[in-house]
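So the structure is just underneath, and the comments pick up after that.
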Amino acid sequence: MDPILTPEQPVFDRRQIYRPFLERINPIASMHTVFEQELIVTPGGDPSDPTQPAIHEAFATAAELQPGVQMALVGGVGSGKTTELLLTKETLKRHPDAINLYMEAADFTDFLHVNPGAMLAIIGLRLISQYRELFGEPTGETATAHESLRRLGLGRSEWCTEDPRDPYDGEAGFRLDIPGLMRPRFPELKGEVAAVASLLDAILRPFVENGNQVTAGVFQIEPETVGGVS
Numbered sequence: 155m156d157p158i159l160t161p162e163q164p165v166f167d168r169r170q171i172y173r174p175f176l177e178r179i180n181p182i183a184s185m186h187t188v189f190e191q192e193l194i195v196t197p198g199g200d201p202s203d204p205t206q207p208a209i210h211e212a213f214a215t216a217a218e219l220q221p222g223v224q225m226a227l228v229g230g231v232g233s234g235k236t237t238e239l240l241l242t243k244e245t246l247k248r249h250p251d252a253i254n255l256y257m258e259a260a261d262f263t264d265f266l267h268v269n270p271g272a273m274l275a276i277i278g279l280r281l282i283s284q285y286r287e288l289f290g291e292p293t294g295e296t297a298t299a300h301e302s303l304r305r306l307g308l309g310r311s312e313w314c315t316e317d318p319r320d321p322y323d324g325e326a327g328f329r330l331d332i333p334g335l336m337r338p339r340f341p342e343l344k345g346e347v348a349a350v351a352s353l354l355d356a357i358l359r360p361f362v363e364n365g366n367q368v369t370a371g372v373f374q375i376e377p378e379t380v381g382g383v384s
């Protein structure tokens with residue numbers, strides 16, 4: 155058979171071949187993406203004792219049979235803590251009536267300050283989201299609890315008519331900001347960073363659609379800052 159002749163020789167572009175592969179083994183990829191792509195090999199038992207059930211199985215069983223139980227999983231960086239917790243969440247889905255929450259604690263509190271109340275607050279607020287899906291808008295005692303929890307967890311501002319520091323300052327009152335239990339890192343920047351990221355995405359989109367490779371190198375003189383490429 156005669157070879158098929160084409161007007162142009164095909165161009166080999168290793169980026170198109172290896173990019174999907176490297177994305178799948180990216181060590182800093184979102185764990186949720188890893189689960190969606192089914193890249194997790196479920197362990198058959200406890201790594202330290204194969205005769206015992208896998209950690210996520212033990213956690214899920216305890217949560218199902220002992221309501222109110224509290225468990226802690228401790229390990230070094232990269233030891234699989236997040237993987238086991240997400241596997242636990244997936245395992246708990248075997249009961250259709252189960253409400254399973256997974257939260258990144260660093261998203262809602264700064265661990266430089268020990269604050270167990272922040273975890274209780276975020277659990278309550280996340281449960282309200284599930285409540286709306288099942289029952290609609292909260293009413294009665296649930297609605298009152300939700301409002302109080304928001305005030306305690308996220309903080310509040312109150313208008314005070316008397317200032318004990320200054321009995322008379324010529325003003326009708328002043329605003330008092332009371333911080334909440336949930337104190338995320340850089341809370342005042344979170345909204346601005348999200349807005350900037352959205353705008354940058356809009357600017358980058360034409361380049362991506364055109365097939366351009368965009369690389370940005372950032373360098374800063376301070377010794378604690380390392381130059382990077384993204």
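Position 159 (the sequence shown) corresponds to 313 in the numbering used here; numbering is contiguous. From the three backbone atoms N, C-alpha and C, an ideal C-beta is built for every residue, glycine too. Remember, predicted model here, so these are calculated numbers, not experimental data.
{"Asked": "Cβ contact check for the segment 220-228 and the segment 186-199: 3 or more pairs under 8 Å", "Found": "no"}
{"Asked": "Any alpha helix (DSSP H) of 4 or more consecutive residues that is wholly inside the segment 198-250", "Found": "209-219, 235-246"}
{"Asked": "Member of MET257, PHE213, LEU306 whose CA lies at the smallest distance from the CA of GLY199", "Found": "PHE213"}
{"Asked": "Minimum C-alpha distance to ASP331 - residue among LEU308, ALA348, SER202", "Found": "LEU308"}
{"Asked": "CB contact flag (LEU255, HIS210, <7 Å)", "Found": "no"}
{"Asked": "N-terminal and C-terminal residue of the beta strand (DSSP E) that ARG310 is part of", "Found": "310-314"}
{"Asked": "Same chain only: Cβ atoms within 7 Å of GLY334, ignoring 5 sequence neighbours per side", "Found": "LEU306, GLY307, LEU308, GLY309"}
{"Asked": "Spatial distance of GLU312 from PHE289 (CA atoms)", "Found": "32 Å"}
{"Asked": "Status (buried if at least 16 other CB within 10 Å, exposed otherwise) for TYR172", "Found": "exposed"}
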